[in-house]
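K.L.:
Here you go, one structure.
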Amino acid sequence: MARESTNSPAPAAKVKKVRWYHQVWQAYQMTRKYDPSVTWVVLAVFVGTIALGLVIGLLVHAVVYLLLLSIPFAVLGAMFVLGRKAETAAYTQIEGQPGASLAALRTIRRGWSFPEEPVAVDPRTQDAIFRGLGRAGIVLVGEGPTHRIAKLLEGERKRTARLLSGVPITLIQSGNDEGQVPLRKLPRAVQKLRPTLTKQEVAEIDKRLRALGGVKMPLPKGVDPMRARPDRKGMRGR
């Protein structure tokens with residue numbers, strides 16, 4: 001009689017949890033490549049906050065109390081500055097690459113959806129238009145110089161309006177030319193748009209937009225600017 005195998009399946013490899021201080025260190029290393037001054041700026045904020053607490057403590061005769069109180073504020077201040085510097089460095093890393101606008105737009109966590117494919121691309125210049133949908137309506141974001149992208153944006157606006165008459169359509173040009181929105185300010189510009197649609201209307205528009213399709217285009221490789229920030233939940237020990 002054949003003996004049954006007693007070998008049990010190998011346990012799945014345990015996924016190693018990334019600690020918050022690992023994220024901070026990675027953000028610092030990435031930022032230092034693009035902004036060598038980050039070390040001194042973060043240290044200046046940390047030491048300056050503690051020094052301020054010490055001065056106030058001397059004035060009110062509570063040196064020890066205010067010195068201890070200033071330490072967590074110094075850490076928070078240093079982390080805030082590092083987060084802002086890391087965000088700037090992350091955008092610098094992808095700026096100028098095709099698809100950089102979409103990479104920035106997809107850092108918007110809630111309220112907006114941006115498909116991976118652009119809805120229009122000029123094959124000669126690689127100028128592209130990306131489409132987003134939220135309660136503020138449809139937003140068309142053009143990536144390219146003003147003198148070229150304006151015509152491409154207007155053509156896509158007309159095509160979208162024919163399919164979805166009456167739906168608000170906002171045109172935004174991403175770039176550094178006059179009248180354009182810089183890459184790092186692009187997510188905020190979209191989030192500031194005023195909601196005018198209900199969630200049910202957004203769902204219905206989304207179904208109809210799928211018929212328009214898109215154009216395959218790879219996203220630039222780089223650091224997600226939002227992931228460059230320290231994990232605040234991890235810092236609280238959760």
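When the letters of the sequence shown are read in order and numbered with the UniProt record's numbering, they come out as residues 1 to 238. Every residue gets a Cβ at the ideal spot worked out from N, C-alpha and C, and that includes glycine.
Closer than 6 Å by C-beta to Gly-134: which residues in its own chain qualify, once you throw out the five before and the five after it? Chain order, please.
P.N.:
So the list reads Gly-111 and Trp-112, once near-sequence residues are dropped.
K.L.:
I'd like to know whether the C-beta atoms of Gln-173 and Ile-149 end up nearer to each other than 7 Å.
P.N.:
Against a cut-off of 7 Å, the Cβ pair of Ile-149 and Gln-173 comes out as a contact.
K.L.:
Ser-101 to Val-45, Cα distance in whole Å?
P.N.:
Each residue's Cα considered, the two are about 32 Å apart.
K.L.:
In whole angstroms, what is the alpha-carbon distance linking Ala-103 and Val-202?
P.N.:
Rounded to whole angstroms, Ala-103 to Val-202 spans 22 Å at the Cα level.
K.L.:
Counting Cβ pairs closer than 8 Å, one from the region 17-34 and one from the region 82-89, do we hit at least three?
P.N.:
Output reads yes: the region 82-89 touches the region 17-34.
K.L.:
To which residues of the same chain is Asp-206 closer than 8 Å at the C-beta, ignoring the five residues directly before and after it?
P.N.:
Closer than 8 Å at the Cβ level, and outside the excluded window around Asp-206, lie Ser-113 and Leu-133.
K.L.:
Does Val-119 come out as helix, strand or coil in the three-state DSSP assignment?
P.N.:
Val-119 falls in the coil class under three-state DSSP.
K.L.:
So, do the region 64-80 and the region 47-56 have three or more beta carbon pairs nearer to each other than 8 Å?
P.N.:
Output reads yes: the region 47-56 touches the region 64-80.
K.L.:
For the region 144-164 against the region 182-201, are there 3 or more C-beta pairs whose distance is under 8 Å?
P.N.:
Touching, no, given that fewer than three Cβ pairs across the two stretches are closer than 8 Å.
K.L.:
Cutting at 7 Å between CB atoms, please list the residues of its own chain near Leu-105, excluding the five before and the five after it.
P.N.:
Phe-114, Phe-130, Gly-132, Val-141, Leu-186, Pro-187 and Val-190, listed in sequence order.
K.L.:
Excluding the 5 residues flanking Val-42 on each side, which residues of the same chain have their C-beta closer than 6 Å to its C-beta?
P.N.:
Result list for Val-42: Ala-78, Val-81 and Leu-82, in chain order.
K.L.:
Would Ala-128 and Glu-143 be called neighbours here (beta carbons separated by less than 7 Å)?
P.N.:
Closer than 7 Å, so yes.
K.L.:
Nearest to Ser-37 by CA position, among Ala-89, Arg-184 and Leu-209, is which residue?
P.N.:
Here the closest residue by C-alpha is Ala-89.
K.L.:
Does DSSP put Lys-233 in a helix, a strand or coil?
P.N.:
With a pLDDT of only 43 at Lys-233, under 50, the local geometry of the prediction cannot be trusted, and the value read off the model is given with reservation. Helix at Lys-233.
K.L.:
Between the Cα of Leu-193 and those of Thr-170, Asn-176 and Leu-59, spot the shortest distance and give me the residue it belongs to.
P.N.:
Considering only alpha carbons, the answer is Thr-170.
K.L.:
Going by other Cβ atoms of all chains shown within 10 Å of its Cβ, with 16 needed for buried, is Thr-160 buried or exposed?
P.N.:
Buried, since its Cβ has 16 or more Cβ neighbours within 10 Å.
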